[in-house]
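In the numbering used here, the protein residues as written are 181 to 318.
Beta carbons are placed, not taken as given, at the ideal position from N, Cα and C, and that holds for glycine.
Have a look at the structure below before the remarks.
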Amino acid sequence: MVGAESPEDEDARLHSLTRVGRKLRNSDRAFVPGPKLTRYLLDPGNKRGKAKLFKRELGMALEHRSDLEAQLVAGASERPIARILADKPPPAKPTYEVWVPIRGVNGATREVLTAWTYEGGRPQLVTAYPARQRDWVL
């Protein structure tokens, strides 16, 4: 295919068009890599993961991964970018912070700080962190 953009070129183009206060480009194609939830965010055995916070603040555990994933992806499509972190040298990619409200299985709603990057032209979740009570922005 002549003139086709490489995934890296497409990601760079999307970054050049992405601004604070606007929504992620191609947010309708946002995704959460499976291991991000099962081996990191909701894995109680992962010392670097966020499982304790998700459990304490939202009552969410591994069995709630589909619900969490759906809410994260929906939030990426609906909420504006709060901050862009582009200060790391290549090959690191810029990341985009988006505050996403997550309704937990315990009935609580918390703002979750999410970080996204572009991978193959699609927003991909990098990490998510439930705000502590003193940091709530709702």
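Going by DSSP, what residue range makes up the beta strand (DSSP E) through residue i?
i: Val280; result: Thr275 to Arg283
Tell me whether the beta-carbon of residue i lies closer than 7 Å to the beta-carbon of residue j.
i: Glu277; j: Ala262; result: yes
i: Ala308; j: Thr294; result: yes
i: Pro274; j: Val292; result: no
i: Leu194; j: Arg205; result: yes
In the DSSP assignment, find the unbroken alpha helix (DSSP H) run with residue i in it and report its ends.
i: Arg193; result: Pro187 to Leu197
i: Arg236; result: Ala231 to Leu238
Distance check for residue j and residue i, CA to CA, integer angstroms please.
i: Ile282; j: Glu299; result: 24 Å
i: Leu248; j: Ser186; result: 31 Å
i: Lys268; j: Ala192; result: 14 Å
Leaving out five residues on either side along the sequence, give the residues of the same chain with a beta carbon under 8 Å from the beta carbon of residue i.
i: Pro213; result: Gln304 and Leu305
i: Arg228; result: Tyr220
Could you pull out every residue in the same chain whose Cβ sits closer than 6 Å to the Cβ of residue i, ignoring the five residues on either side in sequence?
i: Ala231; result: Leu222, Asp223 and Pro224
i: Glu237; result: Arg290 and Pro310
Can you give the beta carbon distance from residue i to residue j, rounded, assuming they're within the 8 Å contact cut?
i: Gly284; j: Gly239; result: 5 Å
Ordered along the chain, which non-local residues of its own chain (more than five positions away) have a Cβ less than 7 Å from that of residue i?
i: Arg202; result: Pro260 and Ile261
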